[in-house]
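Asks:
Number of protein chains: 2
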Amino acid sequence: MLGTPTQTWQDRRRAAARREVLAAAWEVARRDGLGGLTLRAVADRVGMRPPSLYTHFASKHALYDAMFRQAWSEFDERFAALELPADPRAAVHGIARFYVDFALADLPRHQLMDQRVIPDFTPSPESYAPSQRAMERMVGRFRALQGVALAEADVDLFVAAVGGVVAAQWSNDPGGDRYTRLLGRLVDLLADDLGLPTTTPREDP
Amino acid sequence: MLGTPTQTWQDRRRAAARREVLAAAWEVARRDGLGGLTLRAVADRVGMRPPSLYTHFASKHALYDAMFRQAWSEFDERFAALELPADPRAAVHGIARFYVDFALADLPRHQLMDQRVIPDFTPSPESYAPSQRAMERMVGRFRALQGVALAEADVDLFVAAVGGVVAAQWSNDPGGDRYTRLLGRLVDLLADDLGLPTTTPREDP
DNA sequence: GTCTATAAGTCGATAGAC
DNA sequence: GTCTATCGACTTATAGAC
Chain G
1 MLGTPTQTWQ
11 DRRRAAARRE
21 VLAAAWEVAR
31 RDGLGGLTLR
41 AVADRVGMRP
51 PSLYTHFASK
61 HALYDAMFRQ
71 AWSEFDERFA
81 ALELPADPRA
91 AVHGIARFYV
101 DFALADLPRH
111 QLMDQRVIPD
121 FTPSPESYAP
131 SQRAMERMVG
141 RFRALQGVAL
151 AEADVDLFVA
161 AVGGVVAAQW
171 SNDPGGDRYT
181 RLLGRLVDLL
191 ADDLGLPTTT
201 PREDP
Chain V
1 MLGTPTQTWQ
11 DRRRAAARRE
21 VLAAAWEVAR
31 RDGLGGLTLR
41 AVADRVGMRP
51 PSLYTHFASK
61 HALYDAMFRQ
71 AWSEFDERFA
81 ALELPADPRA
91 AVHGIARFYV
101 DFALADLPRH
111 QLMDQRVIPD
121 FTPSPESYAP
131 SQRAMERMVG
141 RFRALQGVAL
151 AEADVDLFVA
161 AVGGVVAAQW
171 SNDPGGDRYT
181 RLLGRLVDLL
191 ADDLGLPTTT
201 PREDP
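Residue numbers (full-length UniProt numbering), protein chains in the order written: chain G, 1 to 205; chain V, 1 to 205.
#1: Counting Cβ pairs closer than 8 Å, one from the region 126-133 of chain G and one from the region 128-144 of chain V, do we hit at least three?
#2: So does the region 17-35 of chain G actually touch the region 116-123 of chain G, counting three or more Cβ pairs closer than 8 Å?
#3: List the residues of chain G that V/V162 touches, going by C-beta distances under 8 Å, in chain order.
#4: Find the residues of chain V that neighbour G/A153, judging by a C-beta separation of less than 9 Å, and give them in chain order.
#5: Looking only at its own chain, which residues have a Cβ that is under 8 Å from the Cβ of residue 269 of chain V, when we skip the five neighbours before and after it?
#6: Output, in chain order, the set of chain G residues within a Cβ distance shorter than 8 Å of V/D114.
#7: So G/E83 is in the alpha helix (DSSP H); what residue range does that whole segment cover?
#8: Measure how close the beta-carbons of V/V166 and V/A103 come, nearest whole angstrom, since I'm counting them as under 8 Å.
#9: List, in order along the chain, the chain V residues whose C-beta lies closer than 8 Å to that of G/G36?
#10: For chain V, is any of its Cβ atoms less than 7 Å away from the one on G/L22?
#11: Using the rule of at least 16 other Cβ atoms within 10 Å of the residue's Cβ for burial, across every protein chain shown, is G/W26 buried or exposed?
#12: Tell me whether V/V21 sits in a helix, a strand or coil according to DSSP, three-state version.
#13: In chain order, which alpha helix (DSSP H) runs of at least 4 residues are fully inside the region 76-142 of chain G?
#14: Enumerate in chain order the residues of its own chain whose CB-to-CB distance from V/D76 is below 7 Å, with the five nearest sequence positions on each side excluded.
#15: What runs of the alpha helix (DSSP H), each 4 residues or longer, lie entirely inside the region 148-182 of chain V?
#16: Starting from the beta carbon of G/V159, find every residue of chain V whose beta carbon is closer than 9 Å, and list them in chain order.
#17: Between the region 142-153 of chain G and the region 86-94 of chain V, do at least 3 Cβ pairs fall closer than 8 Å?
#18: Indicate the three-state DSSP secondary structure (helix, strand or coil) for V/A16 in the structure shown.
#19: Roughly how many angstroms lie between the CA atoms of G/L145 and G/A58, to the nearest whole one?
#20: Is the Cβ-Cβ distance between V/F121 and V/H61 less than 7 Å?
#21: Alpha carbon to alpha carbon, what distance is there between G/D173 and G/D106?
#22: Would you say V/G33 faces chain G, with C-beta separation under 7 Å as the test?
#23: Comparing the C-beta of V/L189 with each C-beta of chain G, is any distance below 7 Å?
#24: If you run the structure through DSSP and keep just helix, strand and coil, what is G/G184?
#25: Below 7 Å CB to CB, which residues in the same chain sit around G/P205 once its five sequence neighbours on both sides are set aside?
#26: Cutting at 7 Å between CB atoms, please list the residues of its own chain near V/G195, excluding the five before and the five after it.
#27: Of the residues that make up the region 89-116 of chain G, which ones have a beta carbon closer than 8 Å to any beta carbon in chain V?
#28: Do you know offhand how far G/M48's Cα is from G/R30's?
#29: Quick one: grab the DSSP three-state call for V/R45.
#30: Assign G/W72 to buried or exposed, taking buried as 16 or more other Cβ atoms, counted over all protein chains shown, within 10 Å of its Cβ.
#31: For G/D193, would you say it is in contact with chain V, using Cβ-to-Cβ distances shorter than 7 Å as the test?
#32: Does the beta-carbon of G/R12 have 16 or more other beta-carbons within 10 angstroms, so that it is buried, or is it exposed?
#33: Taking only three categories from DSSP, how would you classify residue 207 of chain G?
#34: Below 7 Å CB to CB, which residues in the same chain sit around G/A80 once its five sequence neighbours on both sides are set aside?
#35: Just how far apart, CA to CA, sit G/T6 and G/S124?
#36: Grouping DSSP H, G and I as helix and E and B as strand, with all else coil, what is V/A144?
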């Protein structure tokens with residue numbers, strides 16, 4: 001605790017206000033689309049005048065930046081807490097399912113995290129860090145699976161293919177299951193290719 | 001030819017002007033991003049005043065709609081003209097390579113065709129038709145492959161997985177080949193799963 | 001320090017002269 | 001068909017009350 005400036009007095013109000021603006025921004029993005037987000041709508045929702053937002057965020061891009069950082073941080077936290085089965089193949093299915101569920105739960109969040117939707121917006125290095133941490137954690141949990149030595153390219157292929165299911169689902173059948181129902185088959189395909197063992201035999205349908 | 005109103009007199013000028021505006025819109029989108037496209041920038045590029053664009057397109061969304069239609073029409077035309085090897089597996093590789101090359105050649109075009117980047121923009125039925133035609137042609141060429149009976153889900157899985165390579169390439173390594181170099185391996189994986197025969201043995205490296 | 005008030009510049013879009 | 005003029009909405013920034 002020592003060494004931290006004890007300005008906690010009104011620092012908490014600032015942080016709370018920031019969180020409030022951020023939460024309002026997500027609500028507006030879900031209602032009006034990520035690219036349709038306006039500072040006026042955010043201010044309305046949080047009960048402020050638009051210029052007052054500049055007290056908390058230097059620009060609209062800074063707001064997007066904070067949203068990007070928060071989204072990947074939440075992904076990383078929840079993925080870190082995700083309990084996986086001991087069976088390697090079941091674990092890979094669990095990772096894929098977690099990834100797909102997270103990406104399909106929130107369209108603007110998915111667009112911000114995984115696409116390049118906002119022109120001229122590039123995450124700052126500080127906000128890009130959580131996404132790198134999340135990816136490293138993913139590689140780490142893959143490599144911790146018993147019975148196979150994974151190369152970088154193996155994880156890349158997995159991420160690309162599973163991400164493709166998400167993208168196809170969102171753009172061709174939003175709200176449905178036309179592509180997500182193929183996820184199990186796709187993951188088995190990839191797992192077979194990696195020679196991933198199954199210590200527990202698969203259940204009968 | 002009979003039955004067509006012979007108004008071709010100044011109808012051609014109208015059509016030419018429309019094409020010119022459309023071409024300018026693509027150039028602006030490639031320069032400023034799809035979401036960063038403005039009617040002023042389009043008007044500047046085509047040597048018009050912004051309100052004059054409304055003579056040719058009823059709204060900005062109508063312009064996006066025409067771009068969407070043009071992109072899928074061009075895809076369908078070029079795919080129809082694509083010559084594929086007789087060997088079924090080589091043909092599938094050809095289809096995948098064509099799809100990926102087309103999607104990676106132009107970011108705003110890819111965003112417009114395959115993602116939901118513009119808030120509140122949904123293609124009109126008339127503009128959606130070419131994309132359906134293209135998908136049906138793709139299914140048709142898959143089914144024409146000798147030696148295997150393909151279900152709808154098989155094509156869906158192929159489209160999703162290959163589309164995932166495109167999305168990952170654009171968002172994680174634009175301009176590189178980190179994901180596209182995995183395409184051959186992915187397609188072989190899918191082809192193996194479908195039991196696709198190889199009449200011609202694969203070449204040695 | 002945080003807010004209100006306000007203004008400049010830009011966006012999509014419309015009305016009406018020629 | 002194209003123009004001028006203009007509207008309402010949005011982003012951004014500054015000035016000043018509390």
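Ideal Cβ positions, reconstructed from N, Cα and C, are used throughout, including at glycine.
Source: prediction; values computed, not measured.
Replies: With the structure as the only source:
#1: no
#2: yes
#3: G164
#4: R178, R181, L182, R185
#5: Within the shown structure, residues of chain V are numbered from 1 to 205, placing residue 269 of chain V beyond reach of any answer.
#6: A167, S171
#7: Premise fails: G/E83 is in no alpha helix (DSSP H) and is neither H nor E.
#8: 4 Å
#9: P119, D120
#10: no
#11: buried
#12: helix
#13: 88-104, 107-114
#14: P130, R133, A134, R137
#15: 152-172
#16: G164, A168, N172, Y179
#17: no
#18: helix
#19: 44 Å
#20: yes
#21: 15 Å
#22: yes
#23: yes
#24: helix
#25: At G/P205, the pLDDT of 42 sits below 50, so the modelled position is not reliable; the number obtained from the coordinates is stated separately. Excluding positions up to five away in sequence, the list is empty.
#26: V148
#27: L107, Q111, D114, Q115, R116
#28: 20 Å
#29: helix
#30: buried
#31: yes
#32: exposed
#33: Given that chain G is displayed from residue 1 to residue 205, the structure contains no residue 207 of chain G and the question cannot be resolved.
#34: R137
#35: Below a pLDDT of 50, predicted positions are generally treated as unreliable, and G/T6, at 45, falls in that range; no measurement from the model is reported.
#36: coil
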